[in-house]
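Asker: Residue numbering for the sequence shown follows this note's numbering, starting at 84 and increasing by one per position. All residues carry an ideal CB built from backbone N, CA and C; glycine is no exception.
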Amino acid sequence: MSAEPGSRLAEELRLLVAAVADRAGPWLDRVAAEPADGSCSWCPLCAAVALVRGEPNALAGRGLDAAADVVALLRAVLADRWEPGVSHMPGFTPAEQPSPKVQHIPVRREPR
Numbered sequence: 084m085s086a087e088p089g090s091r092l093a094e095e096l097r098l099l100v101a102a103v104a105d106r107a108g109p110w111l112d113r114v115a116a117e118p119a120d121g122s123c124s125w126c127p128l129c130a131a132v133a134l135v136r137g138e139p140n141a142l143a144g145r146g147l148d149a150a151a152d153v154v155a156l157l158r159a160v161l162a163d164r165w166e167p168g169v170s171h172m173p174g175f176t177p178a179e180q181p182s183p184k185v186q187h188i189p190v191r192r193e194p195r
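(1) Less than 8 Å between the C-beta atoms of A159 and A143, yes or no?
(2) When the Cα atoms are used, what is the spatial distance from E87 to P139?
(3) Grouping DSSP H, G and I as helix and E and B as strand, with all else coil, what is G126?
(4) Distance check for D152 and L161, CA to CA, integer angstroms please.
(5) Would you decide whether A104 is buried or exposed? Buried here means 16 or more other CB atoms lie within 10 Å of its CB.
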């Protein structure tokens, strides 16, 4: 056990934030480099408002696509836990399970 309660949780959260920051960094750099055309296409607040209004917004579209990918991945992981050995993701074939190292041999006693 660790010395302080919650220290493992804090470390896991720190690692999660670091992983998200590593993945979001290049995306944020691309968003910042996009030319401004007078419309707000990168602001999360504007994307949410556009989504509620039913207007097209690039950020909202990318966000919804990313959310759909996460849901599909979660569904595949859960399905794999429930039905191992069956392909649950398009284009992915699970590896063949190795044959057991122990073979069951029935033992019969002969009458004396």
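Answerer: Quick look at the numbers:
(1) Translated into positions along the sequence shown, residue 159 becomes position 76. Translated into positions along the sequence shown, residue 143 becomes position 60. No, they are not a contact pair.
(2) Counted from its first residue, the sequence shown places residue 87 at position 4. Counted from its first residue, the sequence shown places residue 139 at position 56. So the alpha carbons of these two residues sit roughly 48 Å apart.
(3) Mapped onto the sequence shown, residue 126 falls at position 43. Correcting the residue identity first, residue 126 is Cys in this sequence and not Gly. Coil.
(4) Residue numbering aside, residue 161 sits at position 78 when the sequence shown is read from its first letter. Residue numbering aside, residue 152 sits at position 69 when the sequence shown is read from its first letter. L161 and D152 have their alpha carbons spaced roughly 14 Å apart.
(5) Translated into positions along the sequence shown, residue 104 becomes position 21. Exposed.
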